[in-house]
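The next block holds one structure in the form of structure tokens; read it before the comments.
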Amino acid sequence: MDNQQKNKNVILIGAGVMSATLGAMLKELAPSWNIKVFEKLEKAGAESSNEWNNAGTGHAALCELNYTPEQADGSIDIKKASSINEQFQLSRQFWSFLVNHKRIANPQDFIMSIPHMSLVQGEDNVRFLNNRFEALSKSPLFKGMEYSADLEKLKEWIPLIMEGRTSTEAMAATKIDTGTDVNFGALTEMLFTHLEEQQVEMNYNHAVKDIKRSSDSTWEVKVQDLENNKIEYHNADFVFIGGGGGSLPLLQKTGIPESKHIGGFPVSGLFLVCNDPEIVEQHHAKVYGKAKVGAPPMSVPHLDTRFIDGKKSLLFGPFAGFSPKFLKTGSNMDLLGSVKPNNVFTMLAAGAKEMSLTKYLVQQVLLSNEKRVEELREFIPTAKLADWDVVVAGQRVQVIKDTDKGKGTLQFGTEIVTSRDGSVAALLGASPGASTAVHAMLEIFQRCFPDHVGEWEPKIKEMIPSYGISLAENPELLQEIHTSTAKALQLDEKSPIGI
Ligand SMILES: Cc1cc2nc3c(=O)[nH]c(=O)nc-3n(C[C@H](O)[C@H](O)[C@H](O)COP(=O)(O)OP(=O)(O)OC[C@H]3O[C@@H](n4cnc5c(N)ncnc54)[C@H](O)[C@@H]3O)c2cc1C
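Going by my numbering, the sequence shown opens with residue 40, and the numbers climb by one from there.
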């Protein structure tokens with residue numbers, strides 16, 4: 040292998056958790072490669088990855104009911120839940136490697152233990168939750184999950200939610216202590232600080248304007264320095280488009296065939312936040328409910344304990360909404376600008392199919408704060424408007440593409456698009472999102488660096504011991520990894536309720 044092949048030039052667009060994760064993994068696997076990062080804002084982790092722009096749930100399918108659909112025969116399909124749980128285990132392992140090898144410092148600055156719970160009301164939902172619990176309990180991935188329909192037990196688990204509840208409807212919950220709250224904003228900043236120390240070139244206030252193939256088949260990236268408006272050109276062998284909501288327009292600029300027939304639909308979000316210590320101390324869990332009929336999966340209501348900058352708070356939401364912007368700091372022209380001759384029919388088909396989603400979003404936009412608190416009262420019957428503030432969350436750009444389910448199908452997951460020659464990769468979509476960033480990057484390595492993956496494998500296994508192994512099928516390894524990652528990340532997985 041000659042020197043030029045050895046030392047690839049890599050450009051990461053966007054300083055969110057995805058570019059941070061890719062950069063941190065590449066620095067371990069190919070330390071001599073040159074990496075440049077271009078970020079249009081003045082700091083890292085300021086869009087969706089910012090702690091107040093997302094819910095900070097370490098998604099491991101411990102509480103999210105939409106990952107365990109009920110089948111026509113009443114049985115519960117746990118395939119998606121198991122896959123997401125396995126993906127989160129990869130993140131835990133990589134983060135532990137970074138801590139153990141002093142790449143990043145105090146893990147409690149970005150990850151904390153918090154029980155994950157699912158809570159339902161009504162006979163049908165209670166039956167569903169019980170079936171789900173039975174199905175998940177058979178897998179070692181969900182070991183330790185408890186189920187209860189006993190109101191006294193629920194009062195012990197979630198006193199704030201049970202206080203002042205007058206409804207006589209049946210209720211049930213599951214609880215598992217191995218859940219986490221993750222401050223993805225802090226993690227992103229820690230990773231970029233580490234990368235800067237490793238000679239990664241960070242360019243803040245630099246907006247990427249265009250990406251074109253050069254005659255030597257590298258990519259020419261046109262960048263505007265926003266401090267002086269000067270245009271610069273940078274070449275790379277590999278470009279990662281980690282622009283969050285801004286990824287789709289950049290992907291379209293590459294002109295690669297894989298970028299065609301893809302559209303994006305932005306969904307904005309709001310949370311209610313409570314910082315009153317007296318109220319905050321009465322709740323210690325992330326409690327996920329069931330999405331309302333017609334509501335998209337990302338709008339499942341949940342009441343979360345958050346740990347941000349050493350302070351505990353409560354977060355409730357998200358309330359969805361519509362804004363044509365692809366980023367919180369984006370432009371009102373983003374949606375219109377993303378409609379191209381190659382995706383216009385895909386977009387129109389989605390528009391016609393998703394009337395109920397449009398209706399739902401319009402209803403959500405029109406909610407007053409009093410109405411939002413009424414929804415909160417389904418979780419906390421005693422909630423008062425004065426104790427809660429509204430925070431505007433990040434934008435989620437849901438991918439629209441043509442699938443075997445038809446033209447213009449709305450996707451709610453995370454999508455990776457790569458060029459055939461592996462020289463460009465883009466990450467679109469937002470769910471499960473940041474929690475599964477490590478899995479997404481491993482997928483990018485397989486697709487974009489197939490010639491390197493063999494040589495990298497020993498190092499990948501050092502960073503992620505379960506790489507290539509199903510933990511569900513290897514309970515002893517799962518136990519070992521769970522114990523070692525809990526120790527490295529200082530997770531207190533048996534923390535008592537109510538502190
Ligand atoms: C309301 C909400 C709740 C969520 N809850 C969770 C959760 O509980 N758990 C979870 O795991 N995930 C959650 N997510 C998803 C998670 O936040 C995202 O998956 C993740 O942050 C995406 O990271 P990213 O690096 O791709 O994007 P971002 O963090 O948005 O970063 C992209 C960066 O690219 C920059 N950029 C864009 N265009 C350009 C350009 N042209 N030139 C230069 N820079 C550019 C932007 O300024 C930004 O800094 C949630 C998201 C939202 C919106």
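C-beta: ideal position from N, C-alpha, C; glycine also.
{"Query": "Give me, in chain order, the residues of the same chain whose beta-carbon lies closer than 7 Å to that of residue 531; leave out the 5 immediate sequence neighbours on both sides.", "Result": "152"}
{"Query": "Any heavy atom of ligand 1 closer than 7 Å to the CB of residue 434?", "Result": "yes"}
{"Query": "Between residue 481 and residue 129, how many whole angstroms is the CB-CB distance? I'm expecting something under 8 Å.", "Result": "7 Å"}
{"Query": "Rounded to whole angstroms, what's the CA-CA distance from residue 113 to residue 394? Just pull it up for me.", "Result": "28 Å"}
{"Query": "Closest to residue 223 by C-alpha separation, out of 515, 402, 54 and 216, would be which residue?", "Result": "54"}
{"Query": "Which class does residue 88 belong to by DSSP, given the choice of helix, strand or coil?", "Result": "coil"}
{"Query": "Compute the distance between the beta-carbons of residue 115 and residue 170, then report whether it is under 8 Å.", "Result": "yes"}
{"Query": "Taking the straight line between their C-alpha atoms, what separation do you get for residue 134 and residue 352?", "Result": "24 Å"}
{"Query": "Give me the Cα-Cα distance between residue 343 and residue 111, rounded to the nearest whole angstrom.", "Result": "31 Å"}
{"Query": "When burial is assigned at 16 or more other CB atoms within 10 Å of the CB, is residue 468 buried or exposed?", "Result": "buried"}
{"Query": "Residues bridged to residue 48 by DSSP?", "Result": "73"}
{"Query": "Which term fits residue 314, buried or exposed, when burial requires 16 or more other beta carbons within 10 angstroms of its beta carbon?", "Result": "exposed"}
{"Query": "Is residue 184 helix, strand or coil by DSSP?", "Result": "coil"}
{"Query": "Please classify residue 155: does DSSP put it in a helix, a strand, or coil?", "Result": "strand"}
{"Query": "Confirm the yes/no value for this check: CB of residue 57, any heavy atom of ligand 1, distance under 7 Å.", "Result": "yes"}
{"Query": "Using 7 Å as the cut-off, classify the Cβ of residue 98 as near or not near the heavy atoms of ligand 1, replying yes or no.", "Result": "yes"}
{"Query": "Enumerate in chain order the residues of its own chain whose CB-to-CB distance from residue 150 is below 6 Å, with the five nearest sequence positions on each side excluded.", "Result": "219, 221 and 528"}
{"Query": "With a threshold of 8 Å, are at least 3 pairs of Cβ atoms found where one atom belongs to the segment 430 to 437 and the other to the segment 362 to 369?", "Result": "yes"}
{"Query": "So, with DSSP's three-state summary, where would you put residue 306?", "Result": "strand"}
{"Query": "Hey, how far is the Cα of residue 326 from the Cα of residue 308?", "Result": "18 Å"}
{"Query": "Give the straight-line distance between the Cα atoms of residue 266 and residue 83, rounded to the nearest whole angstrom.", "Result": "17 Å"}
{"Query": "When we look at the beta-carbon of residue 93 and count the other beta-carbons within 10 Å, is it buried (16 or more) or exposed?", "Result": "buried"}
{"Query": "If I measure Cβ to Cβ from residue 100 and keep anything under 6 Å in the same chain, skipping five residues before and after, which residues do I get?", "Result": "106, 120, 123 and 124"}
{"Query": "Given that a residue counts as buried once 16 or more other Cβ atoms are within 10 Å of its Cβ, and exposed if not, what is residue 400?", "Result": "buried"}
{"Query": "Return yes when at least one heavy atom of ligand 1 lies under 7 Å from the C-beta of residue 364, else no.", "Result": "no"}
{"Query": "Going by the C-beta, is residue 138 closer than 7 Å to any heavy atom of ligand 1?", "Result": "no"}
{"Query": "Under a three-way DSSP split, which group does residue 522 fall into?", "Result": "helix"}
{"Query": "Do you know how far the Cα of residue 131 is from the Cα of residue 144?", "Result": "15 Å"}
{"Query": "Measure the CB-CB distance between residue 13 and residue 285 and report whether it falls below 8 Å.", "Result": "Here the chain covers residues 40 to 538 and nothing more, so residue 13 does not appear."}
{"Query": "How far does the beta strand (DSSP E) with residue 264 in it extend, from its first residue to its last?", "Result": "258 to 264"}
{"Query": "How about the segment 72 to 82 and the segment 191 to 207: do they share at least three Cβ pairs that are nearer than 8 Å?", "Result": "no"}
{"Query": "Going by DSSP, name the residue or residues bridged to residue 273.", "Result": "260"}
{"Query": "Confirm the yes/no value for this check: CB of residue 281, any heavy atom of ligand 1, distance under 7 Å.", "Result": "yes"}
{"Query": "Taking DSSP as the reference, what is the three-state secondary structure of residue 219?", "Result": "strand"}
{"Query": "Quick check on the DSSP output: the alpha helix (DSSP H) that includes residue 446 runs from which residue to which?", "Result": "Taken as a continuous stretch (DSSP letters only), residue 446 belongs to no alpha helix (DSSP H), being part of the beta strand (DSSP E) at 445 to 450."}
{"Query": "Among the residues of its own chain, which have a CB less than 6 Å from the CB of residue 202, if the five just before and after it don't count?", "Result": "421"}
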